[in-house]
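A.B. asks: Residue numbers in the sequence shown follow the numbering used here, run continuously in steps of one, and reach 1141 at the last position.
Structure below; questions to follow.
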Amino acid sequence: MFGRTLMTLGLAMLLAAPAHAGFGLVLPDSPIVDDPEKTSLNLVICAIDPATGAGIPIERPQVFTALRYRDRSEHLSVLDEVVAYGARAWTTNISLPHPGVYQLVMQTKAGWVPEQDKFVQYVTKVQIPAYGSAEGWDKPANISFEISPLSRPFGLCSGMAFSGQALFDGTPIPGALIDVARLDPAIKPNVAQPEDPNAPPQDDKAQPKAKKQDKQPTPQPISAFGATQQVKADSQGVFTFVCPLPGWWAFSTSMAGDPLQDPEGKQKPLEIKTIFWVYMNDCPKTAPSKK
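Take a look at the structure:
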């Protein structure tokens, strides 16, 4: 499925160093599609540091695929460049022709991160159920490196647990370290069109100034130690985490890929980060019954 072979050195490549703070993100305009008149889904494809709400620029993804347990469709040809979370990102619209769970899979190109002296590549998944059918949620996407859900990853309320399994070529990754982050619902992508580098210069006095991006609120922290929580999977790569707050939650683990040449021609490490996103609803609390 992927043009680049993700891993060639086996399970010994679990990263011991801290993982990159960014998370690849496929953000739908709705975590569940239950309106029969809604026949498509708008998506923002990007990367973000959930702890700050700052976007991370990404080039056009290598892969963007929609899987529906027995169908598959490629959508790379219809990606439009935008600015989201203040950084270079992409948008698209996909049709939802049938009921069932749609697995959206995105793989970025390896991007150079000079602050950490390494390359980072995101492999990102999210599941969207359509028209009342949950069929297919328990099926892995059959990609080289992924987190596969063991509990249904939608229709959840804050305070509920999510269980998943880290897999490499379909084999459990024992002891995988799972980073957990939350995208605060107050942080908005604020999608805008990118500036045209070929546009002629404008007279500042004659042209109105472009509207500034709305200032983002400070994300609510989920940890008193560091920006993320961390869970260690068991011998079968299985982990469980209780998500106490509403919003999108990212579950991620990292492995090392083949080194790449940096802009100066030196060999630098490659971190491959697989991410699975789960949405926690802010479900209304039931008032206690009066006796």
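Every residue gets a Cβ at the ideal spot worked out from N, C-alpha and C, and that includes glycine.
Computed from a predicted structure; not experimentally measured.
Opposite F979 in the DSSP bridges: which residues?
C.D. replies: Here the sequence assigns Pro to residue 979, which means Phe is not the residue at that position. DSSP lists V951 as partners of P979.
A.B. asks: So what's Q971 in DSSP terms, helix, strand or just coil?
C.D. replies: Of the three classes helix, strand and coil, the one that applies to Q971 here is strand, per DSSP.
A.B. asks: What three-state label does DSSP hand L1110 in the structure shown?
C.D. replies: Of the three classes helix, strand and coil, the one that applies to L1110 here is strand, per DSSP.
A.B. asks: If we count the other Cβ atoms within 10 Å of its Cβ and call it buried at 16 or more, is D884 buried or exposed?
C.D. replies: Flag for D884 reads exposed.
A.B. asks: So V973 packs on F1004, CB below 8 angstroms; how close in whole Å?
C.D. replies: The Cβ separation is near 20 angstroms, so there is no contact.
A.B. asks: Are the stretch 1098-1105 and the stretch 1120-1128 touching, with three or more C-beta to C-beta distances below 8 angstroms?
C.D. replies: Yes: at least three Cβ pairs fall under 8 angstroms.
A.B. asks: Using the Cα positions of L877 and P1039, report the straight-line distance between them to the nearest angstrom.
C.D. replies: Taking the straight line from one Cα to the other gives about 9 angstroms.
A.B. asks: If you follow the beta strand (DSSP E) that M1130 is in, where does it begin and where does it stop?
C.D. replies: First-last of the beta strand (DSSP E) with M1130: 1117-1131.
A.B. asks: Apart from the five residues just before and just after P1134, which ones in its own chain have a Cβ nearer than 6 angstroms to its Cβ?
C.D. replies: Answer for P1134: no residue qualifies.
A.B. asks: To the nearest angstrom, how far is the alpha carbon of T1136 from that of S945?
C.D. replies: The straight-line gap from Cα to Cα measures roughly 36 angstroms.
A.B. asks: If you draw a straight line from the C-alpha of V1092 to the C-alpha of D1046, how long is it?
C.D. replies: Cα to Cα, V1092 sits roughly 44 angstroms from D1046.
A.B. asks: How about P886 and Y952: do their beta carbons lie closer than 8 angstroms?
C.D. replies: Taking 8 angstroms as the Cβ cut-off, P886 and Y952 do not qualify as a contacting pair.
A.B. asks: Out of R910, L891, W1098, D967, point me to the one whose CA is closest to V1006's CA.
C.D. replies: In the sequence as presented, Val is not what sits at residue 1006; that position holds Leu. The option with the nearest alpha carbon to L1006 is W1098.
A.B. asks: Using C-beta distances below 7 angstroms, list every residue in its chain close to W962, excluding the 5 sequence neighbours before and after it, in chain order.
C.D. replies: For W962, where only same-chain residues beyond five positions count, the Cβ hits under 7 angstroms are F969, D1112, P1113.
A.B. asks: May I ask you to list the residues that DSSP assigns as paired with G874?
C.D. replies: G874 is bridged to A897.
A.B. asks: Does DSSP classify S927 as helix, strand or coil?
C.D. replies: The answer is helix: DSSP assigns S927 an H, G or I state.
A.B. asks: Answer with buried or exposed for L1120, where buried requires no fewer than 16 other C-beta atoms within 10 angstroms of its C-beta.
C.D. replies: Buried is the call here.
A.B. asks: Here's the rule: buried if 16 or more other CB atoms are within 10 angstroms of the residue's CB, otherwise exposed. What is A1083?
C.D. replies: A1083 comes out buried.
A.B. asks: To the nearest angstrom, report how far apart D839 and G1107 are at their CA atoms.
C.D. replies: There is simply no residue 839 to check, as the chain begins at 851 and stops at 1141 in what is shown.
A.B. asks: Taking A916 and D899 to be in contact with their CB atoms under 8 angstroms, please state how far apart those CB atoms are, rounded to whole angstroms.
C.D. replies: With a Cβ gap of about 26 angstroms, A916 and D899 do not count as contacting.
A.B. asks: What are the residues that DSSP puts in a beta bridge with V1081?
C.D. replies: In the DSSP output, where bridge partners are listed per residue, V1081 has I1028.
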